[in-house]
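Asker: Sequential numbering of the sequence shown, starting at 0, is according to numbering that gives the first Met the number 0.
Every residue gets a Cβ at the ideal spot worked out from N, C-alpha and C, and that includes glycine.
Since the structure is predicted, the reported quantities are computational estimates derived from the model, not experimental observations.
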Amino acid sequence: MSETLRRSYADGPYGQVHLLEGGAVDGGRPPLYLLHATAYSSQPFIPLMERLARSRRVIAPDTPGYGGSDAPPGMPPFERYADAFIDLVERTAGAGCTPVDVFGYHTGALIATEAAARRPDLIRSLVLIGIPYYLGDEREERRAVLAARADLTGVLEQFQERWDYFITDRTPGLSLERAYACFVDELRAYPRHWWAHEALFDYEPQDRLPLVGCPVLVLNPDNALARPSREASRILPQARVVELPGLTSAIFDLGADVLAGEFERFLEEFDAA
Numbered sequence: 000m001s002e003t004l005r006r007s008y009a010d011g012p013y014g015q016v017h018l019l020e021g022g023a024v025d026g027g028r029p030p031l032y033l034l035h036a037t038a039y040s041s042q043p044f045i046p047l048m049e050r051l052a053r054s055r056r057v058i059a060p061d062t063p064g065y066g067g068s069d070a071p072p073g074m075p076p077f078e079r080y081a082d083a084f085i086d087l088v089e090r091t092a093g094a095g096c097t098p099v100d101v102f103g104y105h106t107g108a109l110i111a112t113e114a115a116a117r118r119p120d121l122i123r124s125l126v127l128i129g130i131p132y133y134l135g136d137e138r139e140e141r142r143a144v145l146a147a148r149a150d151l152t153g154v155l156e157q158f159q160e161r162w163d164y165f166i167t168d169r170t171p172g173l174s175l176e177r178a179y180a181c182f183v184d185e186l187r188a189y190p191r192h193w194w195a196h197e198a199l200f201d202y203e204p205q206d207r208l209p210l211v212g213c214p215v216l217v218l219n220p221d222n223a224l225a226r227p228s229r230e231a232s233r234i235l236p237q238a239r240v241v242e243l244p245g246l247t248s249a250i251f252d253l254g255a256d257v258l259a260g261e262f263e264r265f266l267e268e269f270d271a272a
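(1) Report back the beta-carbon spacing between S228 and V211 to the nearest angstrom; my notes put them in contact at under 8 Å.
(2) Given A178, which residues of its chain have a CB within under 7 Å of its CB, disregarding the five upstream and five downstream residues?
(3) Could you tell me how far apart the beta carbons of L208 and A223 are, in whole angstroms, since I believe they sit closer than 8 Å?
(4) Can you tell me whether P30 is buried or exposed, with buried defined as 16 or more other CB within 10 angstroms of its CB?
(5) Return the first residue and the last residue of the alpha helix (DSSP H) that H196 is part of.
(6) Taking a contact to mean a Cβ-Cβ separation below 8 Å, would you say T91 touches L121 in this structure?
(7) Can you name the residues that DSSP bridges to P60?
(8) Given 8 Å as the limit, is there contact between the segment 54 to 68 and the segment 128 to 135, that is, 3 or more CB pairs closer than that?
(9) Checking 8 Å against the spacing of the C-beta atoms, do A116 and L125 come in under that value?
(10) Counting only runs that start and end within the segment 71 to 106, where is the alpha helix (DSSP H) found for 4 or more residues in a row?
(11) Look at the alpha carbon of D252 and the alpha carbon of I45, and state the distance between them as a whole number of angstroms.
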């Protein structure tokens, strides 16, 4: 665990929410919340958070049912994940610290945009990476992969494919320890690991993204989500896209300095206003 960040819990609509937090509480800037991808937790953000915490308060909650957060009693509609995040911000931002800034990655990106559409008074700006903006047949193709259901069994081999993905075939330069942490993250969510993805693919982002009124920075690494992210940015009213061709995978470990620089340049525009 990072020496810069600390763990805590907050109450939420489904029980306790696990948080990673760091940075100056009295820095004069609103907190930055970071929303992770399914089926991980906030831990992949640690290298990025360590850099951002030098200049602002950063808070990364685990989505209900993932990481260290309690799970809903059943799979909620996707909008309920946004409601749970709104509830968390109201509980944790602190008096006089709203509206806040929010970063969302993959599933977290659309939780962030839905929250911004619902509560423009609560969210000042968004930074998004890897927007899973899929429509039509492509959406169903991605659902079949990402929302595949798998019950727990007594056979270790059921996790072989995930071990190969995270460990055996990990990105060059990514440490074994960091890869293993992501592998464990996903296993912690079994057997409900697919819930947020299934809810996501029942959600209609094409109707909701045009309702996001705040400024949005879309950081776009060169990977499979680059095209969907560009397409989503076209219907976000105040979006700008920054292409990051030098980043492909393990972006929060291998590209933490690059990402932190882009975050700071964008957020400083509002801090100075």
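Answerer: Walking through what the data contain:
(1) That belief does not hold up - the Cβ atoms of S228 and V211 are roughly 14 Å apart, past 8 Å.
(2) F165, I166 and R169
(3) With 8 Å as the limit, L208 and A223 do not qualify as a contact, their Cβ atoms being about 19 Å apart.
(4) When all chains shown are included, P30 counts as buried.
(5) W194 to F200
(6) no
(7) In DSSP, P60 forms a bridge with L18.
(8) These segments do not touch.
(9) no
(10) Entirely contained in the segment 71 to 106, the alpha helix (DSSP H) runs reaching 4 residues are, in chain order, 77 to 91.
(11) 8 Å
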